[in-house]
Each structure stands twice: as C-alpha cells, then as structure tokens.
Amino acid sequence: MKRLDLIFSERELQAILNTLENANVPGYTVMKHATGRGPERVVTEDMEFTGLGANAHVIVFCEQEIIDKMRDEIRSVLSYYGGVAYISEATPL
Amino acid sequence: MKRLDLIFSERELQAILNTLENANVPGYTVMKHATGRGPERVVTEDMEFTGLGANAHVIVFCEQEIIDKMRDEIRSVLSYYGGVAYISEATPL
Amino acid sequence: MKRLDLIFSERELQAILNTLENANVPGYTVMKHATGRGPERVVTEDMEFTGLGANAHVIVFCEQEIIDKMRDEIRSVLSYYGGVAYISEATPL
Amino acid sequence: MDLSLLLQNIFAPTVLFFFIGVIAVFCKSDLEIPAPLPKLFSLYLLLAIGFKGGIGIQESGILNNQVLLTLSAAILMSLLIPLLGFIILRLKFNVFNSAAIAASYGSISAVTFITAESFLASQNIVADGFMVGALALMESPAILVGLLLVRFAAPKDRPGSRKLHLSSILHESFLNGSVYLLITSLIIGFLTSLSNPSAVEKMYPFTHSIFYGVECFFLLDMGMVAAQRLPSLKKAGSFLIGFAILMPIFNSIIGVLVARSLSLETGNAFLFVVLCASASYLAVPAAMRMTVPEARSSYYISTTLGLTFPFNIVLGIPLYMSLVNKFIPISTF
Amino acid sequence: MDLSLLLQNIFAPTVLFFFIGVIAVFCKSDLEIPAPLPKLFSLYLLLAIGFKGGIGIQESGILNNQVLLTLSAAILMSLLIPLLGFIILRLKFNVFNSAAIAASYGSISAVTFITAESFLASQNIVADGFMVGALALMESPAILVGLLLVRFAAPKDRPGSRKLHLSSILHESFLNGSVYLLITSLIIGFLTSLSNPSAVEKMYPFTHSIFYGVECFFLLDMGMVAAQRLPSLKKAGSFLIGFAILMPIFNSIIGVLVARSLSLETGNAFLFVVLCASASYLAVPAAMRMTVPEARSSYYISTTLGLTFPFNIVLGIPLYMSLVNKFIPISTF
Amino acid sequence: MDLSLLLQNIFAPTVLFFFIGVIAVFCKSDLEIPAPLPKLFSLYLLLAIGFKGGIGIQESGILNNQVLLTLSAAILMSLLIPLLGFIILRLKFNVFNSAAIAASYGSISAVTFITAESFLASQNIVADGFMVGALALMESPAILVGLLLVRFAAPKDRPGSRKLHLSSILHESFLNGSVYLLITSLIIGFLTSLSNPSAVEKMYPFTHSIFYGVECFFLLDMGMVAAQRLPSLKKAGSFLIGFAILMPIFNSIIGVLVARSLSLETGNAFLFVVLCASASYLAVPAAMRMTVPEARSSYYISTTLGLTFPFNIVLGIPLYMSLVNKFIPISTF
Ligand SMILES: Nc1ncnc2c1ncn2[C@@H]1O[C@H](COP(=O)(O)O)[C@@H](O)[C@H]1O
Ligand SMILES: Nc1ncnc2c1ncn2[C@@H]1O[C@H](COP(=O)(O)O)[C@@H](O)[C@H]1O
Ligand SMILES: Nc1ncnc2c1ncn2[C@@H]1O[C@H](COP(=O)(O)O)[C@@H](O)[C@H]1O
Ligand code: NA
Ligand code: NA
Ligand code: NA
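Structure, rendered in structure tokens:
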C-alpha cells in the first residue's frame, strides 16, 4: 500500500478531488488552512482573509496502480499554481 | 521506529487516546477539523456545525511492539464509525 | 528524497523556519493548531486562548544532505520546549 | 397559498440572505464562511433563543391550562411524527435509515422557528413567549423514539458493541450539545427574568438587539450549505426527495388540526405548525451519527438541510400561514 | 497638508487600533488574531457596508442626474487607472505582474472607504448614501481590465491551459467572494429599505450600531498584517515602494479634478477621491491569483496591504481632505 | 459569608453560564466551542475592558492623591504576593514551578474582575473607573518578579540557552499579547475620551452594550475549560489544591487590610481585594511557558483555571464582599 501526500493551493481542491474520484481512490483525507513556502511562492495566514486561500494537504492511502493512473493529471493540476506530491510506503494496521 | 497514522471521526478521539495511553505510547499528535471520504461515508465541513463532527488525524511515533499491543483495540474502535490506520517507517532525526 | 516531520510548540515556529531557510530547503508546509502529548507535557486546545499556544506540524520534503545540515540546530531548538522530529523515505510523484 | 404572503416572506432580509447563499454556490462564487465560524453563529443563536424563550416563559406565567396543553401537544407530536415517518420510510429503507430520518422530522429546526417568528412579527401577529418552550421540548423526544425504534426493530444480528443501552439513549436525547445549550439557556433566561430583571436588560443588546442580524448572517451560510448538499440528494433518489417535501406538509396539516382542537390563537398556532413541519439538522443527526452508525448520514442530513429546510424557509412559512388563516378562527381578544 | 486634519485623523480609534497592530509586530508582541477570525470581521464588514449602502441608495432616490454621473465617473476611473498604472509598471515588470498590480490600484479598498467615512463624520461633513454604490461599482471593472490586459498583452507562448476565456474573466470579476457579498448585500439593503422598513430597523443594531467597533477590531488585525508584510516589500525593490505611495497620490489628483468637473459636494468629492486613491487587497488579489498564476502574489499583495493601505489610512485621508478643501468650492445649500 | 450575597452572585447570568459549562463537561455533553472561537471572546473582552477602563480613568481625572495611592498599592501587591507565594510553594516544589505558580497568583484575571464589577453593579455599589488602571498595572509586575526569581534562585547548572536576559524578562512582562492588548486599548480609550467624545459614543454599542452578553458566552466556555482541567489537578496533589483555594483567601485578607489603611470606598475596596485574590491564566502562563520551560505548565494553568478561577467566580466574590462589608467602614458621601 502507498501513501500519497499532496500539498497545493486550496483553490485547486475541487480539481484534485475530482481527479482522485475519477481514479477510484478508496478514500482521502483533507486538511485545510496549511501554509508554507515552495520554490517560488510563500503562502501565509493573511492570504486566507484576503481571499487568496491557504494550502490544502490531502492524504491518500491507495495502491500503486491507482497512483499511476492519476500521475499525469495531478502533475498537470499542480503545474498551474504549484504544489508538491510525494509517495511513501504504508502498511495497513 | 514506526509512524502510525490514524484518521477517524472526531467523536472517537477520546476512545482512541485512551487506547494510546493504555499502550504507553511515548506521545502523540492530534490534528482536528480534517474532512475526507472513505469507502462509504463522506465527511464535509458543514458536519462540524451540525454537530456530527469532522475527522481527527492522529500521528504516533513509537516502536512496533506498542503498535502490536494496540492493534486489536484500535481496529475495534475504527470498525464502529469507520476510519483508517496505516503504519510506515520513520527514523528519529 | 526524504520527508522530515517536525512537531513542536507554535512558539518556536519562527526559529524553526529560520533554521529551514538557512539550510536552503526547497520548501516546507506548516499546519498549526495541532495538540498532543509528549513524554512530559500535554498540549490541549484551551492552551490556545490562554496564550500558551498549541503545536505546529511542519513537513519538509528535501534531500538527506539538507537534513544533515540542519540536524544540530533543529535538535537544539526542540530541546528547549520539547517536540519531535522524524525522517522517512518519500518519492516525488 | 396566498401569493402576497409568499412575497412578503421572500422579501425578508433573512430569506434574501439565504438566497444569496444558494446563488453563490450555484454561480460558483468563491464566497466562503470557513469553519468554525458557522459554529459560532449556531451556538449564539441557540443561546439567545433559549435565553429569550426563558424570559418569555417566565413572563407568560407558566402554569396555566392553555400553556400546559400546548406543551403536552408539542411533546406528543414529536413522539407521533417519527412513528408515522418510520412507517412510510420502511417502504424503501432499512430500519437504521428509516429511524434516523424519521427522528429528524419529528424533531425541530430552531432556525426555521426564528425565521417564522420574524415573519409573524412582520405580519404584526403576536405569539406567546412559551412557544420557545414548545421548541425546546420537541427536540429530544424524537431522538428518543428514533433510538427506541432502532433498539427494538433492528435486526437481531446487530453486533453487541452497538447495543443501545437506555442510559446512552437518554444521554443522546438530552445531553446532545445543541439540546443542552438551548434548554440550559432557557432555564437561565427563566431564572434571570425571575430574580434579576436588571441582568435581563444588560443581556438585551446581545441576545435581542443583534439577534436578527446574526440570524441573517447565519442564513447566508445555511444557503451555501443547503446548495452544496443538493447534489448528494440526487443520489438519495426520488422517494426521499418526495418525502423531504411532502412529509413537512403532511405534518403541518396534522399540526393545524391539533392547533385548532386546542383553540390556539393565530400566532401560537402558526408557530406550532412550523415546529411540526420543521426537521432537525443539528441535534438529531448528531445523535444518530453517534449511536446508529449503520444509518447513512448523507440521507438524513441532506434531506433536512438540502431540501426541507429551504422549502420551509421559502415556501413552507407562507403556506403554513395560509393554512392557519384558513383553519384557525381569528381570535377575538 | 493640513496638520490639524492629520492629527484629527490619527486620534480616531480606528487609526489608533491600526497603530497598535503595527507596533505589536514591530515590538514582537505575541498578540495574534488567529485564522479564521479575521475572515469573520472581513465578511461582516462587507455585508454591513453593502446593506447600509443599499439603504443609502434607496433613500437618496436612485435616478437623478448627479447620481448617474458620479457612478459613471467612478466606473470610468476604475477602467482608466489600471491602464495608466500598467503603462508605468511595464517600465520595470513583465506583463503579468504589471497587470496584476495595476488592477489592484484600479479597484478599491472597502476598509479605507469606511475609515474615510468615519473621518468625514468626525468633521461633520455629510456624504450621500449612493457613494457606497460607487464603491461597489469600482471593484470589478479593474479586474476586468487587468485580465484583458493579460489576455492581449501576454507573450504568445503562454500555455493553452492558461488561456483566459471571456467567461472566466467575467466570473472572476463579478463572482469573486468579496465582490459578490458586497453587491448582493447592497441589493438586499436596497430591497429591504424599499419594501420592509421595519426589517431595516431590526438589522440596525447589527449592521450599524456595532459597526464602528468591529471596524476598530479589524483595523487592529490589519495593522498586524500590514507590518508583517513590510519585510517582503523590501525584496520588491524601491521602484515598487515608490509606486505604492505615489500612485495613490497621483490617482487622488485625477480624482479631485474629475470631482471638481462634476461639481460634487465636499463629502462626496472626498469619498470619490479616496476610492480612486485606494487599492484592493481582497477582490483583485484573489482574482489574480486564480487566473494569472504567473504574477507574483507577494508583489501585488504586499504593496497594497503593506504600504498603500497604511499610507491611505494614516496620511492619505487627511491629505485627500486637504486637496478637496483646496480644489472643491464649498457647496452652498 | 453572607448567604444572601452568595445567592445573588450565583443567580447572575454570568455565573449561571459558567455552571452550565461545568455541568456540560461533568455530564459528558458533546457541547463544544471549538478553537479559535474562545480566542475571539478573550480578545474582545480585553479590548473592551481596556477601552472602557481608559475612558473611566480619563473621566475620573487621573492625578489626584487617592488614585495614585491606590495604583501604587496595586503594583506593590503584585510584587509582594508572588514573593509570599514563592516562599510557601518552595516547601513542596522546585524553583521553576514555585516561581511560575507564584507569579500567576500575583497577577490578575480580567474575567474575574469583570464578573466582580457586574456583581457590584447588581448591588448598586459604585466603583471608580480608574480601578481598571489597577487591573492593567497588576498584570506585569508579577511576571517580572517570577522571572527574576528564576534568574536568581535557579540552580547554577541551568543550561546557558535558558539564561534569562533582562531584555527578555521585560519583553515577556510587557509585550505579552494579553497585557499588550489591555494596556494599549486602555490608552486608546483614554485618548479617545479626551480628544474625541463622539467616537466614544460610536464605540459604545460594541464595547459596552454587548459586553455583558459576550462575557456570559465566554464564561460558558470557561466553565467547560475549568471542568476539563480538574482531572489534571488531582495529579498535582493536595498541597497544590489547598494552595489554589487558600492563597486567594489569604491574599484577599491582605487586600482588605491594605484597602482599609488607604480608606478606599466600598466599591473600590472590593475590586482591589478581588484583584489581589484573582490569579492569571492568560498573561502569566503564556510568559512562563516561553521563558521557563522547566516549569510544568499543567501545574500553573490547572490551578488557576481549574480551581482558583471557579472558586473566585462562585464563592470568592460574595466572600470578599462580606469581608469588605465587615472591615471597610461604609463611606459617607
Ligand atoms: N519541499 C517542500 N516540502 C514541503 N512542502 C512544500 C515543499 N515545496 C512546496 N511545498 C508546499 O507546497 C506549496 C506550494 O508550493 P509552490 O509550488 O512552490 O507554490 C507550498 O506553499 C508548500 O506548502
Ligand atoms: N484511503 C484513504 N486514504 C486517506 N484517508 C482515508 C482513506 N479512507 C478513509 N479515509 C479517512 O477516514 C475517514 C473515515 O473513513 P470511513 O471509514 O470510510 O468512514 C474518511 O472520512 C477519511 O478522512
Ligand atoms: N511519540 C510521539 N508521536 C507523535 N507526536 C509526538 C510524540 N512525542 C511528542 N509528540 C508531539 O510533540 C509535542 C511536544 O512534545 P514534548 O517534547 O513531549 O513536549 C507533543 O505535544 C506532541 O504533539
Ligand atoms: Na418536526
Ligand atoms: Na483605486
Ligand atoms: Na492576584
């Protein structure tokens, strides 16, 4: 089993969730209000009330095949406003 | 060292924390207000003010033996309202 | 690629971020309002309005070398109020 | 239904703010009221309704016959409606879902009630303070019935861990956060009004003056929530969609008949009908999710929040007023 | 600038609270208003400004010549200013950054407007309710211009996925959360004032009475935000820092001339000038971040929030008042 | 203690809301006020107390002898009490814990103060506006003393990284978020009242009218927090539990004697005593956690929040009133 961590602008949450649904992930978890810095941009707390939105952190536990299916689409979404995606190993309890 | 990720209904937080305490985990971290979707249920933001509660994400860094001790109890709690539990490798800094 | 998870008192967030910046991490993500328990202390929700502050959870995806550079400084910051730091493997999507 | 009533209702700020919430979602505006701000409004409204209600009850002098009869009828309705609903829902759903949905319709929605109160005020019709008592008393019994239905009608093979003990049934019915806050605030309002009128005055700006504005703000949020709930309603199927509209109307008719037989005055009768017709999206869903995890929360929350609530706010209130006008003889003072 | 005006402005609670926010950051106090509380204030202010504005427009009777002229001039300014700004900014920045920053200065800041209104009230100068209409009308056109500039001036090799369709340009211009809430609240205020004056009264304590206090609270937060933004301004360079101060002054001068040529009265003229001089940190940045990801958000948000906003609040308002006093003949009633 | 005073205190809405918060936790109701909403109330209360206090000070004309004496006595008490507390606590605890707990009892609790003010108002006893000045002045010195105690009494082997520089001691004492907000709001209130009375009026609905209601809401939350803190108190042991009750009583007795020797009038004397008896759960704990990580935060926060605060709110206030009635001669005007 794999664990996929996606961190990106909250604005793209719907697009990412659609991608996940289309790939038939068994589930996902969303944590909003994350801030951070990437190679180019800084995302700070005041961006939330100014309407620019903070980041969302999405965790997906799923099989490698599902990740392979989504790879291109996720990458293309993340290429728009930025964001990162990392895979690690995970074993169900 | 292992990392245990537990994601489940906030309503069960106390039960899960009790389980962790009983197994003598060295510590844990709780993040509330997570939303998500599992195989059956969707958990959305409006469930918080309607009193249904969102999800909690609990992270525990501990030894494999402790996880083994807790496995059955955690599974039984998670079987009630649902939720997921995954283990991965982690090395202290 | 590595994933570094740092969990510590919100009060030290600036010090930790400075350390990360000095080590030239490619980016980081911050999630505030985490609570938890460590070997000695409990951090609960009411500590936020009493001004004691909750925990912050910082995730950094970066190379091992960068982690090696930061190790001592992070450890020294975490030794003040406590906190944990763990490394795991991660592959970019 | 009387068209002028409909228009008067629709042009109230409360309903207009509800609309702009709905429209914001339909137009994909990025307007957002992030959690936990809606919780703030919802807690405030419960506290203020309760406090105001407690004062109202104290002022109307509790123990006369009419009051006791009305309150008893209210409790009775909240026991009866879930039973009727359960029978209807069992045609299509399993015991768990049927009980959870039926309980929601037996209980009440405080925001529907206060929107109805504002409507009443705009019509210059008075109602008695003790009607908030009816509101408070109708929240819990439906939960009780729902959980008892699960307890006795659930399949024998329900795992032991999910056995509903009477104690946990009572706990969920009366100690649910929103039930608890409403009832205790009501008691505090009552006690304060009794023993400390100057404190009532000091609370006034908070509990009374800014109430209507906060209500509007909250309805803006409710509009967004309701609209976001709609897609998941489609999945629920046409039976449930029909139920979400017809059940309130059905309940309102029973309500009118009961109100008539109790010879309630126009204002009280109208609020009584609204209580019967409204469905819970706070206390009951929360209790059901705790104790009946087998029920799909999207069923009971999407119907009440996505359909019944908007229906009542927009069309139901003027409709029930028309019903009351038709069936309740105008009271002569 | 008139020193007494400056002092009177600085000793208003709004500005004082802004200062203590700034000082808190400079002194490294751990004072914090955690998310999403600032959002609550910001939503409240938009809703209340809109609602009050709608009442104001209704009360001033919409369709007279002066009103139409003023509103048209407002729209024109919000189309013109971004074009001028764009030309200036292109000296130093690429198309994306120039368009995004220019659009911010074409649009308006509602909080600057209400601080100006309070200042006006403290001077016992009246202004007309329809000026909130000007505020609402000036938010979107600048976004439109900014996005059209990107569409037509952007390098040919912009990837197709970032092509700006007219529909999404319009969507961002008019359905942006803060634009939407302001305009719809204005419409609700208008309709309510027209059809339901008693509801206006019921809203009054929420939308009017506590408004000034909430404004102060919000300015405390804005002070902290502005001060936190300052360091990133240094990175933006001296050209942008100069622009953030000189552009509002430049715009205010055009504004005064337009106001004079329209023979606006003192109060309206002053608010008109403030609108021209103020820059958006809500609607425009949000829209730009959605549609022009190539622009550096730290450029357009740090200038407006970290420099132009404080400048306007503290020095701009008395400066623009002096300008108006000098160039606008005192109206004789 | 006078039983009628106790009853009058307990039947105030503030105290009743505190109780229902406590009961909610004991009954395991799922009532919850999620973070960061309590922070909103706490920021609001500090801002409003400060602002009102500033007006009060301005109105009572600052520089007369009685005022200066009272304020000096207040500062003295907040220097003296932590020293006494430290000596007692050292019987059982190490330097770090003793200093942190002692500092908390030397400082004050603003919410205890305003509950006492409401109680006073319900007794129709007046107090002077400058007493809020005493409140503000008593917050910081105790922090100072606590940190100096750590600096000089801490074991020699404390790691260098934890050396307390005077600058950081002062920083924590005066720039702590809640100290800072209270003091700066007080200054703003003072300046506004002096230079801009119409602005005071515009603030009034926010800072004065809705204050009591927000206070009740906050006390509901405090009730829950206090009750949640109780279990961890058990771990702290009976010495600390005794200290949390007896220290305030002890301090109140010193307070009464000082008030008597200063010939304070009833109202002022009572508030002075309450300040002496109350313990900080905002400023001091936050400062101690920053600078003395060796101290167990659960010790100093659980005692003040879980025991001393409820004790003062419920029993302390009427008790201190009885003391004042007994020892302070009734003032003849
Ligand atoms: N190396 C990284 N480690 C952790 N989070 C990151 C990293 N790079 C970017 N992020 C997160 O992804 C968001 C978007 O990054 P960017 O693509 O640079 O705009 C940032 O705001 C961070 O929250
Ligand atoms: N495959 C998954 N990956 C990440 N989170 C999940 C997954 N499945 C379930 N969850 C989380 O666990 C919660 C409970 O899931 P469920 O057991 O389906 O009700 C969901 O709301 C998600 O937040
Ligand atoms: N073993 C652990 N697993 C997960 N989180 C931990 C662990 N130990 C400590 N923490 C987190 O780190 C914070 C600080 O811990 P401490 O150093 O004990 O004060 C705690 O409040 C937890 O949020
Ligand atoms: Na009902
Ligand atoms: Na402008
Ligand atoms: Na004290």
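Residue numbers (this note's numbering), protein chains in the order written: chain C, 55 to 147; chain Z, 55 to 147; chain S, 55 to 147; chain A, 5 to 337; chain P, 5 to 337; chain F, 5 to 337. Beta carbons are placed, not taken as given, at the ideal position from N, Cα and C, and that holds for glycine. Everything numeric in this text was worked out from a predicted model, so none of it was measured.
| Asked | Found |
| --- | --- |
| Short of 9 Å Cβ to Cβ, which residues in the segment 16-38 of chain P face chain F? | 16, 17, 18, 20, 21, 23, 24, 27, 28, 31, 32, 33, 34, 35, 36, 37 and 38 |
| Classify residue 156/P: buried if its beta carbon has 16 or more other beta carbons within 10 angstroms, exposed otherwise. | exposed |
| Can you find a C-beta in chain A that's less than 8 Å from the C-beta of residue 46/P? | no |
| Alpha carbon to alpha carbon, how far is residue 93/P from residue 303/P? | 12 Å |
| Which of helix, strand or coil does DSSP assign to residue 157/F? | helix |
| How do the segment 11-28 of chain P and the segment 24-37 of chain F stand: do at least 3 beta-carbon pairs fall below 8 Å, yes or no? | no |
| Rounding to the nearest angstrom, what Cα-Cα distance links residue 249/P and residue 236/P in this structure? | 16 Å |
| Express the C-alpha separation of residue 9/P and residue 71/P in angstroms, rounding to a whole number. | 28 Å |
| What does DSSP give as the partner residue(s) for residue 55/C in the beta ladder? | Paired residue(s): none; residue 55/C is not in a bridge. |
| At least one CB of chain F closer than 8 Å to the CB of residue 106/S: is that the case? | yes |
| Quick one: is residue 192/F near chain P, going by C-beta distance under 8 Å? | yes |
| DSSP on residue 105/S, reduced to helix/strand/coil? | coil |
| Ignoring anything shorter than 4 residues, give me the alpha helix (DSSP H) runs that lie fully in the segment 75-111 of chain P, in order along the chain. | 99-110 |
| Using CA coordinates, which residue listed in 292/P, 215/P and 139/P is at the minimum distance from residue 187/P? | 139/P |
| Reducing DSSP to helix, strand and coil, say where residue 143/C ends up. | strand |
| Please name the residue, chosen from 223/P, 141/P and 296/P, that lies closest to residue 159/P on a Cα-to-Cα basis. | 296/P |
| With 8 Å set as the bound, which would you pick, yes or no: does the beta-carbon of residue 60/C sit closer than that to a beta-carbon of chain Z? | no |
| If we ignore side chains and look at the alpha-carbon of each, how far apart do residue 263/P and residue 245/P end up? | 28 Å |
| List, in chain order, every chain A residue whose beta-carbon is nearer than 8 Å to that of residue 195/P. | 15 and 20 |
| Can you pull the chain F residues whose beta carbon is under 8 Å from the beta carbon of residue 218/P, in chain order? | 210 |
| Any contact between the segment 124-138 of chain Z and the segment 58-76 of chain Z? By contact I mean 3 or more CB pairs, one from each, below 8 Å. | yes |
| Would residue 3/P pass as an interface residue toward chain F - the criterion being a Cβ-Cβ separation below 8 Å? | Chain P is shown only over 5 to 337; residue 3/P falls outside these bounds and no answer can be derived. |
| Return the first residue and the last residue of the alpha helix (DSSP H) that residue 264/A is part of. | 242-265 |
| Between the C-alpha atoms of residue 136/S and residue 104/A, what's the straight-line distance to the nearest angstrom? | 46 Å |
| In chain F, which residues lie less than 9 Å from residue 221/P when you measure between Cβ atoms? | 47, 48, 51 and 210 |
| Please tell me whether residue 306/A and residue 293/A are closer than 8 Å, where the distance is taken between their beta carbons. | no |
| Apart from the five residues on each side of it in sequence, which residues of its chain come closer than 8 Å, Cβ to Cβ, to residue 175/P? | none |
| Roughly how many angstroms separate the alpha carbons of residue 89/A and residue 99/S, rounded to a whole number? | 41 Å |
| Tell me, please, whether the CB atom of residue 142/Z is closer than 8 Å to any CB atom in chain S? | yes |
| At what residues does the alpha helix (DSSP H) containing residue 208/P begin and finish? | 201-208 |
| Could you tell me whether any Cβ in chain F is nearer than 8 Å to the Cβ of residue 207/A? | yes |
| Whole angstroms is fine: what's the gap from residue 184/P's alpha carbon to residue 202/A's? | 42 Å |
| Would you identify the three-state DSSP class for residue 179/F, choosing helix, strand or coil? | helix |
| Between residue 154/A and the rest of its own chain, which residues show a CB-CB distance below 7 Å, the 5 nearest in sequence each way excluded? | 99, 100, 103, 168 and 296 |
| State whether the segment 115-124 of chain A contacts the segment 308-320 of chain A, with contact taken as three or more CB pairs (one from each stretch) at a distance under 8 Å. | yes |
| Hey, out of 66/Z, 105/Z and 113/Z, whose CA is closest to residue 60/Z's CA? | 113/Z |
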